[in-house]
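In what follows, a structure is listed as structure tokens, so that the remarks can point back to it.
Residue numbers (the working numbering), protein chains in the order written: chain A, 123 to 255; chain B, 3 to 101.
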């Protein structure tokens, strides 16, 4: 039986490195299979203030010369790592789905899924491990 | 007293901001503080924008880093560049503090 790890991101981007750490760890998960004889599935879910990580058009490289959280998210989507964002929390901030990061024009076959918290709760229930950032 | 207060978080203890007064009070929204200028949580703008007698500034570089533009900023906040910010704190405010 494989491992399934859910990364739950609750904090906004940039002031803390925590959200980016969650994304890089989630990206490393599938690569772990190369070194251990076990399937590792990772999923990232954004809740609360964490949903603010998912806005597109982040210009961190232009202003501060650092990679954007948007780029990290695109890398996840291009690597087929599922990304979920809480519908209720997006609505609380008045953020529409068309403002979210997308990587389909870069060849990604999946997009960020906007889901009710109940679906994130179901993922928490079924995950082998839960990591909060 | 010329006082500049920096807000760099979306969540912070606002009690000090609510109570403090100054003849020239500037509130600088930087880093994650910029969300106060653009988000309407639950449909309501941030209470930071309602600080009486304060001039509220928001740093454009931090806005754009987070995927927002100056067009989305509440009318009560002035969008400034890092260069503007340096000029303001060097010329217009004698005390600086981070909330």
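The beta carbon of each residue, even a glycine, is placed where N, CA and C say it ideally should be. Nothing here was measured: the structure is a model prediction, and the numbers come from that model.
Quick one: is residue 11 of chain B near chain A, going by C-beta distance under 8 angstroms? yes
Taking DSSP as the reference, what is the three-state secondary structure of residue 37 of chain B? helix
Cβ-based contacts, 8 angstroms cut-off: residues of the segment 22-52 of chain B near chain A: 33, 34, 37, 41, 42, 43, 44, 45
Closer than 8 angstroms, Cβ to any Cβ of chain B: which residues of the segment 179-198 of chain A, in chain order? 179, 180, 181, 182, 184, 185, 186, 190, 192
Residues of the segment 53-81 of chain B in Cβ contact with chain A at a cutoff of 7 angstroms, in chain order, please. 63, 66, 67, 68, 69
Residue 237 of chain A to residue 94 of chain B span [Cα, whole Å]: 47 angstroms
Limits of the alpha helix (DSSP H) - the one that residue 183 of chain A falls within: 182-186
What does residue 229 of chain A reach in chain B if we use C-beta pairs closer than 7 angstroms? Those within 7 angstroms of residue 229 of chain A in chain B number zero; the least Cβ separation is about 22 angstroms.
Count the other CB atoms within 10 Å of the CB of residue 41 of chain B; is the residue buried (16 or more) or exposed (fewer)? buried
Against residue 214 of chain A, what residues of chain B qualify as contacts under a CB-to-CB distance less than 7 angstroms, listed in chain order? 43, 44
Can you tell me whether residue 229 of chain A is buried or exposed, with buried defined as 16 or more other CB within 10 angstroms of its CB? exposed
Proximal residues, the segment 150-175 of chain A versus chain B, C-beta separation under 8 angstroms: 171, 174
Under 8 angstroms between the Cβ atoms of residue 255 of chain A and residue 133 of chain A? yes
What ranges does the alpha helix (DSSP H) occupy inside the segment 138-174 of chain A, keeping only unbroken runs of at least 4 residues that lie completely in it? 140-154
List the residues that DSSP assigns as beta-bridge partners of residue 59 of chain B. B:30, B:80
Tell me which same chain residues have a C-beta within less than 6 angstroms of the C-beta of residue 24 of chain B, skipping the five on either side of it? 3, 5
State the DSSP-derived secondary structure class of residue 48 of chain B, mapped to helix, strand or coil. coil
In the DSSP assignment, find the unbroken beta strand (DSSP E) run with residue 178 of chain A in it and report its ends. It is not in any beta strand (DSSP E) - residue 178 of chain A carries neither H nor E in the DSSP assignment.
Determine the closest residue to residue 34 of chain B out of B:52, B:12, B:16, with distance taken between C-alpha atoms. B:12
Would a check of beta-carbon distances place residue 177 of chain A closer than 8 angstroms to chain B? yes
Does DSSP put residue 14 of chain B in a helix, in a strand, or in coil? coil
Starting from the Cα of residue 97 of chain B, find the closest Cα among B:56, B:84, B:26, B:20 and give me that residue. B:26
Inter-residue spacing [alpha-carbon to alpha-carbon] between residue 179 of chain A and residue 54 of chain B: 33 angstroms
Chain B within 8 angstroms of residue 141 of chain A, Cβ atoms only: no
What did DSSP end up calling residue 53 of chain B once you bin it into helix, strand or coil? coil
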